[in-house]
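Since the structure comes first, as structure tokens, the remarks are kept for the end.
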Amino acid sequence: MFCSSIGAQQVFNGVVYEYGTNSVVPYAMIFAKGKDVGVVSDKNGKFSLVSDKIEALDSITITSLGYSKELIAVKDWKDGESIFIRTNPFQINEALVTANRTKNIKIGITGAGMKMLFVPLFMKQELDKNDFIGREVGVALKVNRDCHVKKLNFFIALNKYDNVKLRALFYEMKDGRPGDLIVNKDIIFNVDIEKGWYSVDLIPYDIYLSKGQQIAVTLMTLDETNRNEFFIYGRLLKNPGLFRRDRALGEWDISNGGMALYLDAQY
Numbered sequence: 007m008f009c010s011s012i013g014a015q016q017v018f019n020g021v022v023y024e025y026g027t028n029s030v031v032p033y034a035m036i037f038a039k040g041k042d043v044g045v046v047s048d049k050n051g052k053f054s055l056v057s058d059k060i061e062a063l064d065s066i067t068i069t070s071l072g073y074s075k076e077l078i079a080v081k082d083w084k085d086g087e088s089i090f091i092r093t094n095p096f097q098i099n100e101a102l103v104t105a106n107r108t109k110n111i112k113i114g115i116t117g118a119g120m121k122m123l124f125v126p127l128f129m130k131q132e133l134d135k136n137d138f139i140g141r142e143v144g145v146a147l148k149v150n151r152d153c154h155v156k157k158l159n160f161f162i163a164l165n166k167y168d169n170v171k172l173r174a175l176f177y178e179m180k181d182g183r184p185g186d187l188i189v190n191k192d193i194i195f196n197v198d199i200e201k202g203w204y205s206v207d208l209i210p211y212d213i214y215l216s217k218g219q220q221i222a223v224t225l226m227t228l229d230e231t232n233r234n235e236f237f238i239y240g241r242l243l244k245n246p247g248l249f250r251r252d253r254a255l256g257e258w259d260i261s262n263g264g265m266a267l268y269l270d271a272q273y
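Note that the sequence shown covers residues 7 to 273 in this note's numbering.
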């Protein structure tokens, strides 16, 4: 094994490239399954995974939206590894939406309400940490009709960044928490407003959902350099439906409540 070490911790450094083109893959996800450790590569595909939980018989998984998974055994790892991952075209489920007979629906929480709360991506007391990239917060949503998703909307309670880069992810719910990704396309955008509703156009991503489907929609931070506060409006609810994980692809923390986040869709 040719990873470096810091005390009892092991350090896995590398750069992620696209197979066949040799272009870097920004914001790829690197993790050891079942170890609650992971990182997201930077905009140049570089990463450094540091952990004392990874053992010699484990494997490191490298992937990104729109790519297949690449597994490398820890014992075969070489420090500064150049990793090549293959594109994986994703076949969407087709849904029939008749152009001249469509109706609009909203899926999710469209207002903060009276019992509101602040859902943090970053808080002031955390600003000395260096593992912000890859943090996720999100909510569970129930789909009541077959539909075509047009837009993602969420309400920013406080944003002290001039500009912060985020990624939206769509998961199938499994055992009460986000499971497998159901949208295999990278939805990355920059937020530059201090407060209020922010919308992301999802039409280019061809997202179709099915009646009865239970999904989770999350926001992942991809900001690499800035250090500031960011909160989203939420709502106190009786049932679990608010998800958070502080490191890339780690274990989910689940709490009662939801975020002021909804999807505009047509059926």
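Using N, Cα and C, we set each Cβ at its ideal position, and we do this for glycine too. It should be emphasised that the depicted structure is a prediction, and the values quoted were computed from it without experimental measurement.
Rounded separation between residue i and residue j - CA only
i           : j           : result
residue 57  : residue 270 : 40 Å
residue 116 : residue 255 : 28 Å
residue 249 : residue 145 : 6 Å
residue 159 : residue 195 : 12 Å
residue 236 : residue 246 : 22 Å
residue 273 : residue 150 : 10 Å
residue 24  : residue 215 : 29 Å
residue 36  : residue 240 : 30 Å
residue 109 : residue 267 : 20 Å
residue 260 : residue 251 : 9 Å
residue 154 : residue 84  : 44 Å
residue 26  : residue 89  : 12 Å
residue 51  : residue 92  : 14 Å
residue 148 : residue 207 : 20 Å
residue 217 : residue 182 : 18 Å
residue 265 : residue 210 : 24 Å
residue 75  : residue 69  : 5 Å
residue 98  : residue 219 : The predicted model places residue 98 with a pLDDT of 49, which falls under 50 and marks its position as unreliable, so this point remains unresolved.
residue 178 : residue 189 : 9 Å
residue 204 : residue 72  : 25 Å
residue 20  : residue 53  : 6 Å
residue 223 : residue 193 : 12 Å
residue 225 : residue 170 : 12 Å
residue 130 : residue 229 : Confidence in residue 130 is poor, its pLDDT being 49 and thus under 50, which makes the residue's placement unreliable; the coordinate value appears in the next sentence. Rounded to whole angstroms, residue 130 to residue 229 spans 16 Å at the Cα level.
residue 191 : residue 180 : 20 Å
residue 94  : residue 125 : 34 Å
residue 167 : residue 227 : 12 Å
Cβ distance (whole Å) where residue i is taken to contact residue j below 8 Å
i           : j           : result
residue 197 : residue 238 : At roughly 10 Å, the Cβ-Cβ gap does not stay under 8 Å, so residue 197 and residue 238 are not in contact.
residue 45  : residue 55  : 5 Å
residue 213 : residue 176 : 7 Å
residue 33  : residue 173 : 7 Å
residue 59  : residue 43  : 6 Å
Residue range of the beta strand (DSSP E) that includes residue i
i           : result
residue 112 : 110–114
residue 224 : 220–227
residue 183 : 183–187
residue 197 : 193–197
residue 215 : 213–215
residue 88  : 87–91
With 16 other Cβ atoms within 10 Å as the buried cut-off, status of residue i
i           : result
residue 7   : With a pLDDT of only 44 at residue 7, under the threshold of 50, the placement of this residue in the model should not be trusted, and no figure is reported.
residue 77  : exposed
residue 142 : buried
residue 202 : exposed
residue 17  : exposed
residue 63  : exposed
residue 139 : buried
residue 66  : buried
residue 186 : exposed
residue 86  : exposed
residue 133 : Residue placement at residue 133 is flagged as unreliable, the pLDDT there being 46, under the threshold of 50; the coordinate-derived value follows with that caveat. Exposed, because fewer than 16 other Cβ atoms sit within 10 Å of the Cβ of residue 133.
Bridge partner(s) assigned by DSSP for residue i
i           : result
residue 203 : 161
residue 56  : 17
residue 44  : 37
residue 70  : For residue 70, which the question treats as bridged, DSSP gives no partner whatsoever.
residue 149 : Paired residues: none, contrary to the question.
residue 144 : 224, 249
residue 270 : 112, 157
residue 177 : 187, 222
residue 276 : Past the boundaries of the shown model lies residue 276; the chain is included only from 7 to 273, so the question cannot be answered.
residue 170 : 197
residue 259 : 250
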